[in-house]
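Working notes, structure below.
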Amino acid sequence: MALKHQPLTVKLAVIALAMFGFGFALVPLYDVFCDLTGLNGKTAVTAATAEAAQIDTSREVVIEFIARPNKQMPWVFKPEVTRMTVHPGEIHIMNYLAQNPTSRMIVGQAVPSVSPGQAALYFHKIECFCFTQQQLAGGKDMLMPLQFYVDPALPSQFSTITLSYTLYDVTSAWTGDSAEPSQPGE
Amino acid sequence: MSAVVTDHEHDHEHHDHKPSGIKRWFYTTNHKDIGTMYLVFALVMFFIGGAMAMVIRAELFQPGMQFVEPNFFNQMTTVHGLIMVFGAVMPAFTGLANWMIPMMIGAPDMALPRMNNWSFWILPFAFLILLISLFMPGGGPSFGWTFYAPLSTTYSGDSTALFVFSVHIMGISSIMGAINVIVTIFNLRAPGMTWMKMPLFVWTWLITAFLLIMVMPVLAGAVTMVLTDKYFGTSFFDAAGGGDPVLFQHIFWFFGHPEVYIMILPAFGIVSSIVPTFARKPLFGYASMVYATSSIALLSFLVWAHHMFTTGMPVAGALFFMYCTMLIAVPTGVKVFNWVATMWRGAMTFEVPMMFALAFIVLFTIGGFSGLMLAITPADFQYHDTYFVVAHFHYVLVTGAVFSIIAAAYYWLPKWTGHMYDEKLGQWHFWCSLISVNLLFFPMHFVGLAGMPRRIPDYALQFADFNAFISIGGFLFGASQLIFVWLLVKCARGGEKATAQVWEGAEGLEWEVPSPAPYHTFETPPVIK
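Sequences listed follow chains B and Z, in order. The opening residue of the first sequence carries number 1 in this note's numbering; numbering runs sequentially from there. The opening residue of the second sequence carries number 1 in this note's numbering; numbering runs sequentially from there.
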């Protein structure tokens, strides 16, 4: 009697296990989907090459910079200017000020987000402090550079792009290997 | 539809050897015993979750803080939701499936009786774990039943671990129950019980069981990710480590939307059994009911992001999810049309099960319409996370799922106990419930549209009158359910003897065995004409 039910029971149990795996497979699937569509406004995590793109001087795009430390992050963190008007294709450098008011060393990781999300695909960073973890001793400050350009292929409906950084305290997870401490403040 | 030719009554006492006392319930593999335990468990949970709702309504009776701390209020909304969804509605449906599916398809028992025993007996432990977490330092889970990250990861207390394990156990229990239902329906149908002869309750449960094994594992995955994010340093939902909190919502609602159909499809099956009985006409459009149920189940996998319109998504995405959501109204409309058409020119009587089924049709439709309003992306930005949403899902879950469960209990109670319930008391229960439930949930639409947010223990003064009104409705609805308990106890103890058919217009195999249904039924399969 029980043997009669075994094949179907096993098949259904396999479906259940496969769906458990599918839940986890959604994580990389989501990343790929977002990379392709720019859905969540994430920008590339590696440097873009500075292409000899033509500068489109006929067009102006406003870039807004927002920077905020996460609630648990004690650093002061802000951009040098909050707004910049650029031509697509032009390479610009923007500095962010970071200051550690505490007395201990803290490692920070900035996570960028671009709004509107679809514009993330057209915002290229040649160099960014967000590619690595940043280490800052207590009481010190530093300037963190960002080098970027806007792709001339940016669809015409976008006239303003907001780049927002959230800075997280990752000291507890820091191993020291991934960071290239750039501490001009020291 | 079918008729039993064999008679197996003469030897049922011979097989009726069950351990006595408490051991009978611990060791039982009998589908009727297990069904009864599921139903009693669901009723107990309904009252525990209901008591939490009473705390919520007491606090919201007046603006300002009166009785509880905000943190405790949040624990109440969270655990109320978890208990009602996983502890009351789902086990009640599983209990009905255990009791009725074997009797409806002419099977002697569920296909995997020992697994059936496990899937019930791990449930009390799941809810024990969840409930004792309320007594931990810092309190129980307080992040809402949807446990969005980072509320459940970064900002939650250590009771989160207990929450995660209890959800794991609930999930395992549901998956085992669902596998059992599917195997039973596939392998144990009586000869002649073809697919398109199965009662609709069996059909809707079959489809529900498939939904369960598709999405409960995804929920298990989501809570596991929350657990590892919180305690083991992973970053599935933590932006600092390259994760994305919005991903949590995608995974959760990939489970969550089919879950709402898990809680309503069996209700459709129940109403499709009750309406033809009391209209004394066969169900109108049987085949279209089966196809409508299947289409709802398939569509339920394509609409999850309508819970997330405000997280920001491209216009194409918003339109896709909006139109898919609205598309679900079509098969649902087919069902409502069929129920109404079944009653058309029927010789109707209005016993309590029929009253609850009629209330279900009207009030569930109201909940469906507010769901359509919420599906409209631009409008959803105003409704999102307000009491309008609370009104919507309580209309579909309380006057929908819970009313159908109560209707089913009245409908099959004479079959279970062998006694007719007290009709007059049942009518009292119905009318008290009907009036109070609308006092309770209808004004929530208005305060929601006016902007009152959900899950907040205090509110702006202009909502005070409506909230006092809602709370009174809530207390009355809670008290009305005590009538139901009294009626159940009375009916279990005795009453007018029920006949095998119980209801004049009832058709189906379950009405061809005596009342109360013997411990073992259909040991020799019936012959279906």
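Note that CB positions come from ideal geometry on N, CA and C, so glycine has one too. A quick note: this is a predicted structure, and the numbers were derived from the prediction, not measured.
Segment contact flag, the segment 179-192 of chain Z with the segment 2-13 of chain B, C-beta cutoff 8 Å, min 3 pairs: yes
Candidates Z:I270, Z:M193, Z:I132 and Z:F93, of which the one nearest F163 of chain Z by Cα: Taking the second sequence and counting its residues from 1, one reaches residue 163 of chain Z at position 163. When only C-alpha atoms are compared, the closest one is Z:I132.
Minimum Cβ-Cβ distance from V86 of chain B to chain Z less than 8 Å: As a position in the first sequence, residue 86 of chain B is number 86, starting the count at 1. It does not; no Cβ of chain Z falls within 8 Å.
Expected contact under 8 Å - CB spacing of P63 of chain Z and D465 of chain Z to nearest Å: Counting from 1 along the second sequence, the entry for residue 63 of chain Z is found at position 63. Counting from 1 along the second sequence, the entry for residue 465 of chain Z is found at position 465. At roughly 10 Å, the Cβ-Cβ gap does not stay under 8 Å, so P63 of chain Z and D465 of chain Z are not in contact.
Residue span of the beta strand (DSSP E) that contains A468 of chain Z, given as start and end: Counting from one through the second sequence, the residue named residue 468 of chain Z turns up at place 468. It is not in any beta strand (DSSP E) - A468 of chain Z instead sits in the alpha helix (DSSP H) that spans A464 to R493.
The beta strand (DSSP E) enclosing S83 of chain B, as first and last residue numbers: Here residue 83 of chain B refers to the residue found at position 83 of the first sequence. As written in the sequence, residue 83 of chain B is Arg, which differs from the Ser given in the question. Element bounds for R83 of chain B: R83 to V86.
For G478 of chain Z, the nearest candidate out of Z:S436, Z:W304, Z:L206 and Z:T146 (CA to CA): For the purposes of this step, residue 478 of chain Z is identified with residue 478 of the second sequence, where counting begins at 1. The option with the nearest alpha carbon to G478 of chain Z is Z:S436.
Sequence-distant residues of the same chain with beta carbon closer than 7 Å to W205 of chain Z, five excluded per side: Here residue 205 of chain Z corresponds to residue number 205 of the second sequence, with the count starting at 1. These residues qualify, in order along the chain: A97, I101, V181, P266 and G269.
Three-state secondary structure assigned by DSSP to T77 of chain Z: As a first step, residue 77 of chain Z must be located in the second sequence, where it is residue number 77. If DSSP states are grouped into helix, strand and coil, T77 of chain Z belongs with the helices.
Burial state of V81 of chain B (16 or more Cβ within 10 Å): Locating residue 81 of chain B in the first sequence gives position 81, counting from the first residue. Looking at its Cβ environment, which holds fewer than 16 other Cβ atoms inside 10 Å, V81 of chain B is exposed.
Residue interval of the alpha helix (DSSP H) (run including D33 of chain Z): Residue mapping note: residue 33 of chain Z aligns to position 33 of the second sequence, counting from 1. Looking at the DSSP string, the run of the alpha helix (DSSP H) that includes D33 of chain Z is H31 to L60.
Neighbouring residues, chain Z, relative to T37 of chain B (Cβ below 8 Å): One-based indexing of the first sequence puts residue 37 of chain B at position 37. Chain Z residues near T37 of chain B: P314.
Element boundaries [beta strand (DSSP E), containing T310 of chain Z]: Counted from its first residue, the second sequence places residue 310 of chain Z at position 310. Looking at the DSSP string, T310 of chain Z is not in any beta strand (DSSP E), and its letter there is neither H nor E.
Cα-Cα separation between E523 of chain Z and T28 of chain Z, rounded to whole angstroms: Locating residue 523 of chain Z in the second sequence gives position 523, counting from the first residue. Locating residue 28 of chain Z in the second sequence gives position 28, counting from the first residue. Cα-Cα distance, rounded: 17 Å.
Cutoff 8 Å: I106 of chain B Cβ touching any chain Z Cβ: Taking the first sequence and counting its residues from 1, one reaches residue 106 of chain B at position 106. No, because no Cβ of chain Z sits closer than 8 Å to the Cβ of I106 of chain B.
Under 7 Å by beta carbon: chain Z residues contacting K4 of chain B: If you number the first sequence from 1, residue 4 of chain B lands on position 4. Chain Z residues near K4 of chain B: N187.
Beta carbon of P331 of chain Z nearer than 8 Å to that of A292 of chain Z: On the second sequence, residue 331 of chain Z is found 331 positions in, with the first residue counted as 1. On the second sequence, residue 292 of chain Z is found 292 positions in, with the first residue counted as 1. For P331 of chain Z and A292 of chain Z, yes; Cβs fall inside 8 Å.
Closer than 8 Å to chain Z by CB, Y96 of chain B: Along the first sequence, read from residue 1 onward, the residue named residue 96 of chain B stands at position 96. Answer no: the Cβ-Cβ gap between Y96 of chain B and chain Z never drops below 8 Å.
Inter-residue Cα distance where the pair is Y519 of chain Z and I472 of chain Z: For the purposes of this step, residue 519 of chain Z is identified with residue 519 of the second sequence, where counting begins at 1. For the purposes of this step, residue 472 of chain Z is identified with residue 472 of the second sequence, where counting begins at 1. Each residue's Cα considered, the two are about 43 Å apart.
Any chain Z beta carbon closer than 8 Å to T166 of chain B: Taking the first sequence and counting its residues from 1, the one referred to as residue 166 of chain B is at position 166. With 8 Å as the cut-off, T166 of chain B counts as an interface residue toward chain Z.
DSSP three-state assignment for V111 of chain B, whether helix, strand or coil: Translated into positions along the first sequence, residue 111 of chain B becomes position 111. V111 of chain B: strand per DSSP, three-state reduction.
For V76 of chain B: DSSP bridge partner residues: For the purposes of this step, residue 76 of chain B is taken as residue 76 along the first sequence, with counting starting at 1. Answer by DSSP bridge pairing, in chain order: B:Q99.
Under the three-state DSSP convention, the category L36 of chain B falls into: Translated into positions along the first sequence, residue 36 of chain B becomes position 36. Helix.
Any chain Z beta carbon closer than 8 Å to Y198 of chain B: Here chain B has residues from 1 to 186 only, and residue 198 of chain B is not among them.
Backbone secondary structure at S273 of chain Z - three-state DSSP: Stepping through the second sequence from its first residue, residue 273 of chain Z is reached at position 273. In the structure shown, S273 of chain Z sits in a helix (DSSP, three-state: H, G or I).
Residues near M452 of chain Z by beta carbon distance below 7 Å, same chain, minus five either side: In the second sequence, the residue the question calls residue 452 of chain Z occupies position 452. The answer, listed in chain order, is T386, Y387, Y459 and F463.
Residue-level contact to chain Z via CB, D177 of chain B, 8 Å cutoff: By 1-based counting over the first sequence, the position of residue 177 of chain B is 177. The predicted position of D177 of chain B is uncertain, since its pLDDT is 49 and thus under 50; a value taken from the coordinates is nonetheless stated next. Closer than 8 Å: no.
Every unbroken alpha helix (DSSP H) inside the segment 118-167 of chain B [4 residues or more]: none
Cβ pair I376 of chain Z, M322 of chain Z closer than 8 Å: Here residue 376 of chain Z corresponds to residue number 376 of the second sequence, with the count starting at 1. Here residue 322 of chain Z corresponds to residue number 322 of the second sequence, with the count starting at 1. Cβ atoms of I376 of chain Z and M322 of chain Z: closer than 8 Å.
Boundaries (first-last residue) of the beta strand (DSSP E) holding P443 of chain Z: Taking the first residue of the second sequence as 1, we reach residue 443 of chain Z at position 443. Element bounds for P443 of chain Z: not the beta strand (DSSP E) but the alpha helix (DSSP H), E423 to L449.
Supposed close pair V44 of chain Z, V55 of chain Z - CB separation, criterion 8 Å: Within the second sequence, the letter at position 44 stands for residue 44 of chain Z. Within the second sequence, the letter at position 55 stands for residue 55 of chain Z. No, V44 of chain Z and V55 of chain Z are not in contact; Cβ-Cβ is about 17 Å, not under 8 Å.
Distance cut-off 7 Å: L372 of chain Z Cβ against heavy atoms of the ligand COA: No copy of the ligand COA occurs in the structure displayed, which carries no ligand at all.
Alpha-carbon spacing of F33 of chain B relative to F24 of chain B, whole angstroms: Numbered from 1 along the first sequence, position 33 holds the residue referred to as residue 33 of chain B. Numbered from 1 along the first sequence, position 24 holds the residue referred to as residue 24 of chain B. So the alpha carbons of these two residues sit roughly 15 Å apart.
Cβ neighbours of V170 of chain B in the same chain (closer than 8 Å, five flanking residues each side left out): Working through the first sequence from its first residue, we reach residue 170 of chain B at position 170. Same-chain partners within the cutoff: V107, G108, Q109 and Q133.
Residues that A220 of chain Z contacts on chain B, provided the C-beta gap is smaller than 8 Å: Along the second sequence, read from residue 1 onward, the residue named residue 220 of chain Z stands at position 220. F20 and G23, listed in chain order.
Distance between I262 of chain Z and F210 of chain Z (C-alpha atoms, nearest Å): In the second sequence, counting from the first residue as 1, residue 210 of chain Z sits at position 210. In the second sequence, counting from the first residue as 1, residue 262 of chain Z sits at position 262. Cα to Cα, F210 of chain Z sits roughly 9 Å from I262 of chain Z.
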